[in-house]
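Participant:
Chains as they are written, first to last, in this note's numbering: chain A, 43 to 375; chain B, 43 to 375.
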């Protein structure tokens, strides 16, 4: 559990694209961020109050979150100055970078001296059980995609936000480093040991009130041969009551696999539903989330209408038009 | 790669059941074992020559393999005496035990002093890539099961032995600790980090001659909610040209999951084949391997005949009747 609120470190990010994590926190957990801190030459601006470490500390910030990708895979001397000063002032640090904070001797030393915690959210922190497959109380919704990076995290976050707005009981359950940094907790599923994958998902989505929904962040795709095993663990460990099918209609091949075509929504439906029903016989597909960022508004509306007609399920782009109809579909279960 | 030949350590095994690893080596790689070594009170006997460490060393043994499960999850003082003496005499040690040799300070010290290697085959030794899904040359056969522990390893080993006998080109590819100890190499798939599972299977079954068959050891089951992600990585990372369906007909529920029924062979076929064809469009199901150990000979023959008729595929128990017909089916591809 990462202590909130955060100060968001943007470093010397060349552009907004590099600040994906910080943007996610600003958009989905604005209450978690007291402000932002940048280095000279930073090309990203979240529009939050720019603060010094001391100002943010006075405003209550507990954790400095690295909200930006680093260049060249090293933590630069300029970054280190800020990170060490933060530890000296009593901050914890949180990072989803590939190179771990815990592998940096000076950060480890400063954390020990000042009693700070280094959160490397790419590394599992808990001992997970082997999945037992026992039916859990409460309800769960899982986003599954025709490919990787089609909007599964966004869909689950948008549905959770809409459910909160309606006063429904819901929790977004993060399974990747961006989601973990946004919400402060979760399971970095792609870093879990094979035997414990499904068990870590059971652990993440425990028994709950009968009318509570876990919105589980999806990973990979059942059709992506590099990561399908991770997706399978979500489908079985998550015991979903509801699946949302996620799709990006302009992709010419699977992400990173030029020889693999993207399956249709029908193919995804026909593979995912029987697999999910193995762990939860009552599982239903309730809706379709389409990432229409590469379509014009007219194209998007037309594509969504055609998809809805063809599949017999509500089809929406939650970024463009909101997640309301997906939540309606969940609420109707 | 574990150096052969082995001396097989039986310790104080209470019975033959506890000596599963040693039995596997004796049965499948008899040339790998120069003899056996037991402690007083040992209730297992492989029928190999009982040897002292010195005698086996003189006979060429390079590695002392722990061929037995340990009681209570500790490596006892009586075992330690033999293991340390072996290291002092220049042996390597190999083990598939849950408690690792490398976690025992005295073994580590003796190995360092005498230049020996400690092989803990439950722990991955190589850095595996992320799977790239690129089509590889050569042919691959994967055993998939309706449940865990239905005879997938036995089936692949029996087919490999039959192919060797016929002069066909084949390699058994181990994916679990018993298989790795039997053959001296492999990937302990259940201990691989999630993101690298399918890549480790690609690494294990690389490009090969066009008429060479990898017989890939299966793990788990697509229908076993605890381990299905591991199986999925084999189905996609293995790019099988041929699947063998494995089944144990008397099981009343999935292993370790009392609330889960065992699927039919038809259900396994209908789920496994489309998933496998994602990575290899030419994949076929070529035969059925039934573990009939709990049936009489008459019952077994009747069950196999009925299954063969029903499924339209050769159905055999390779332990009872040999793997010849499964190899015939592979050769006919």
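Beta carbons are placed, not taken as given, at the ideal position from N, Cα and C, and that holds for glycine.
What you are looking at is a predicted structure, and each value in this text was computed from that prediction instead of being measured.
#1: Taking the beta strand (DSSP E) that residue 78/B falls in, what are its first and last residues?
#2: At 9 Å on the CB atoms, spell out the chain A contacts of residue 377/B, in chain order.
#3: Return the residues of the region 224-244 of chain B that lie within a Cβ-Cβ distance of less than 8 Å from chain A, sorted by chain order.
#4: Is the Cβ-Cβ distance between residue 47/B and residue 73/B less than 9 Å?
#5: Rounded to whole angstroms, what's the CA-CA distance from residue 108/A to residue 107/B? Just pull it up for me.
#6: Listed in chain order, which residues of the region 270-299 of chain B have Cβ atoms closer than 9 Å to some Cβ of chain A?
#7: Residue 175/B CB to nearest chain A CB: under 9 Å?
#8: Can you tell me the Cβ-Cβ gap for residue 50/B and residue 67/B, rounded? I've got them flagged as a contact below 8 Å.
#9: Can you tell me the Cβ-Cβ gap for residue 236/B and residue 231/A, rounded? I've got them flagged as a contact below 8 Å.
#10: With respect to the alpha helix (DSSP H) encompassing residue 242/A, which residues constitute its N-terminal and C-terminal limits?
#11: With DSSP as the reference, please indicate the residues paired to residue 22/A in a beta bridge.
#12: Any C-beta of chain B sitting closer than 9 Å to the C-beta of residue 214/A?
#13: Measuring CA to CA, which of 125/B, 350/B and 55/B is closest to residue 159/B?
#14: Can residue 357/B and residue 331/B be called in contact, C-beta distance under 9 Å?
#15: So with CB distances below 8 Å, who are the chain B contacts of residue 316/A?
#16: Can you list, in chain order, the residues of its chain with a C-beta nearer than 8 Å to that of residue 245/B? Leave out the 5 residues immediately preceding and following it.
#17: May I ask you to report which of helix, strand or coil DSSP gives residue 146/B?
#18: If we require 3 or more residues per run, which beta strand (DSSP E) segments fall completely within the region 86-112 of chain A?
#19: Check distances from the C-beta atoms of the region 319-330 of chain A to those of chain B and list, in chain order, the residues that come in under 8 Å.
#20: Less than 9 Å between CB atoms is the rule here; does residue 51/B satisfy it with respect to chain A?
#21: At which residues does the alpha helix (DSSP H) containing residue 279/B begin and terminate?
#22: Taking the CB atoms as reference points, tell me whether residue 123/B and residue 161/B lie closer together than 9 Å.
#23: Could I get the ranges of all uninterrupted alpha helix (DSSP H) runs contained in the region 171-220 of chain B, with 4 residues as the minimum, in chain order?
#24: Report buried or exposed for residue 140/B, applying the criterion of at least 16 other Cβ atoms within 10 angstroms of its Cβ.
#25: Helix, strand or coil: which one does DSSP assign to residue 302/A?
#26: For residue 376/A, which of helix, strand or coil comes out of DSSP?
#27: Take every Cβ of the region 287-296 of chain B, pair it with every Cβ of the region 264-271 of chain A, and state whether three or more of those distances are shorter than 8 Å.
#28: My output table needs one value for residue 361/B: the three-state DSSP class, helix, strand or coil.
#29: Check the C-beta distance from residue 277/B over to residue 184/B and give it rounded, since I have them as a contact under 8 Å.
#30: Compare the beta carbon distance of residue 150/B and residue 219/B with 9 Å and say whether it is the shorter of the two.
#31: Could you please give the first and the last residue of the uninterrupted beta strand (DSSP E) stretch that includes residue 287/B?
#32: Closest by CA to residue 352/A, which one among 368/A, 306/A and 187/A?
#33: Tell whether a beta-carbon distance below 9 Å holds between residue 120/A and residue 57/A.
#34: Would you check if the region 278-287 of chain A and the region 202-210 of chain A touch, i.e. whether three or more CB-CB distances between them fall below 8 Å?
#35: Return the CA-CA distance between residue 319/B and residue 250/A, expressed in angstroms with no decimal places.
#36: Give the single residue among 302/A, 262/A and 91/A whose Cα lies nearest to the Cα of residue 190/A.
Facilitator: By the coordinates alone:
#1: Indexing the second chain from 1 puts residue 78/B at position 36. Per DSSP, the continuous beta strand (DSSP E) segment holding residue 78/B begins and ends at 75-80.
#2: Outside the displayed range of chain B (43 to 375) lies residue 377/B, so it cannot be described from this structure.
#3: Within the region 224-244 of chain B, contact with chain A at the beta-carbon level (separation under 8 Å) is assigned to 231, 232, 233, 234, 235, 236, 237, 239, 240 and 241.
#4: Looking up residue 47/B in the second chain gives position 5. Looking up residue 73/B in the second chain gives position 31. With contacts defined as CB atoms closer than 9 Å, residue 47/B and residue 73/B qualify as a contacting pair.
#5: Along the first chain, read from residue 1 onward, the residue named residue 108/A stands at position 66. Along the second chain, read from residue 1 onward, the residue named residue 107/B stands at position 65. Counting only the Cα atoms, residue 107/B lies some 48 Å from residue 108/A.
#6: Here the close residues are 270, 271, 272, 273, 274, 275, 276, 277, 278, 279, 281, 296, 298 and 299.
#7: In the second chain, counting from the first residue as 1, residue 175/B sits at position 133. Taking Cβ atoms only, chain A reaches closer than 9 Å to residue 175/B, which makes this a yes.
#8: Here the question's residue 50/B lines up with position 8 in the second chain. Here the question's residue 67/B lines up with position 25 in the second chain. About 6 Å separates the two Cβ atoms, so the contact holds.
#9: Reading the second chain from its first residue, position 194 is the one you call residue 236/B. Reading the first chain from its first residue, position 189 is the one you call residue 231/A. At roughly 6 Å, the Cβ-Cβ gap stays under 8 Å, so residue 236/B and residue 231/A are in contact.
#10: Counting from one through the first chain, the residue named residue 242/A turns up at place 200. Residues 239-246.
#11: Outside the modelled stretch of chain A, which goes from 43 to 375, sits residue 22/A, for which no answer is possible.
#12: Residue mapping note: residue 214/A aligns to position 172 of the first chain, counting from 1. It does not; no Cβ of chain B falls within 9 Å.
#13: As a position in the second chain, residue 159/B is number 117, starting the count at 1. Comparing Cα positions, the closest option is 125/B.
#14: The residue given as residue 357/B occupies position 315 in the second chain. The residue given as residue 331/B occupies position 289 in the second chain. Taking 9 Å as the Cβ cut-off, residue 357/B and residue 331/B qualify as a contacting pair.
#15: Here residue 316/A is taken as the residue at index 274 of the first chain, counted from 1. Within 8 Å of the CB of residue 316/A, the CB atoms of chain B belong to 313, in sequence order along the chain.
#16: In the second chain, residue 245/B corresponds to position 203, counting from 1. Cβ neighbours of residue 245/B beyond the five flanking positions: 168, 170, 171 and 229.
#17: Here residue 146/B refers to the residue found at position 104 when the second chain is read from its first residue. Reduced to three states, the DSSP call for residue 146/B is coil.
#18: Complete beta strand (DSSP E) runs here, min 3: 105-108.
#19: Within the region 319-330 of chain A, the qualifying residues are 320 and 321.
#20: Here residue 51/B refers to the residue found at position 9 of the second chain. Contact with chain A is absent for residue 51/B, since none of that chain's Cβ atoms lies less than 9 Å from the residue's Cβ.
#21: Counting from 1 along the second chain, the entry for residue 279/B is found at position 237. Taken as a continuous stretch (DSSP letters only), the alpha helix (DSSP H) holding residue 279/B covers 270-279.
#22: As a first step, residue 123/B must be located in the second chain, where it is residue number 81. As a first step, residue 161/B must be located in the second chain, where it is residue number 119. In this structure, residue 123/B keeps its C-beta atom at 9 Å or more from the C-beta atom of residue 161/B.
#23: Segments of the alpha helix (DSSP H) lying fully in the region 171-220 of chain B: 194-207.
#24: Taking the first residue of the second chain as position 1, residue 140/B is located at position 98. Classification for residue 140/B: exposed.
#25: Position 260 of the first chain holds residue 302/A. DSSP places residue 302/A in coil when its eight states are reduced to three.
#26: Residue coverage of chain A in this structure runs from 43 to 375, which leaves residue 376/A outside it and unanswerable.
#27: Contact fails: fewer than three Cβ-Cβ distances are below 8 Å.
#28: In the second chain, counting from the first residue as 1, residue 361/B sits at position 319. Helix at residue 361/B.
#29: For the purposes of this step, residue 277/B is identified with residue 235 of the second chain, where counting begins at 1. For the purposes of this step, residue 184/B is identified with residue 142 of the second chain, where counting begins at 1. So it is a contact: roughly 7 Å between Cβ atoms.
#30: Position 108 of the second chain holds residue 150/B. Position 177 of the second chain holds residue 219/B. With respect to the 9 Å criterion, residue 150/B and residue 219/B are not classified as neighbours on the basis of their beta carbons.
#31: Here residue 287/B is taken as the residue at index 245 of the second chain, counted from 1. Start and end: 284-289.
#32: Against the first chain, residue 352/A aligns to sequence position 310. Of 368/A, 306/A and 187/A, the residue nearest in Cα terms is 306/A.
#33: Translated into the one-based positions of the first chain, residue 120/A becomes position 78. Translated into the one-based positions of the first chain, residue 57/A becomes position 15. Between residue 120/A and residue 57/A, the gap from beta carbon to beta carbon reaches 9 Å or more.
#34: Between the region 202-210 of chain A and the region 278-287 of chain A there are fewer than three C-beta pairs closer than 8 Å, too few to call the two in contact.
#35: Residue mapping note: residue 319/B aligns to position 277 of the second chain, counting from 1. Residue mapping note: residue 250/A aligns to position 208 of the first chain, counting from 1. When rounded, the separation of the alpha-carbon atoms in residue 319/B and residue 250/A is 38 Å.
#36: Sequence index remark: in the first chain, residue 190/A carries index 148 (1-based). 262/A is the residue among 302/A, 262/A and 91/A whose C-alpha sits nearest the C-alpha of residue 190/A.
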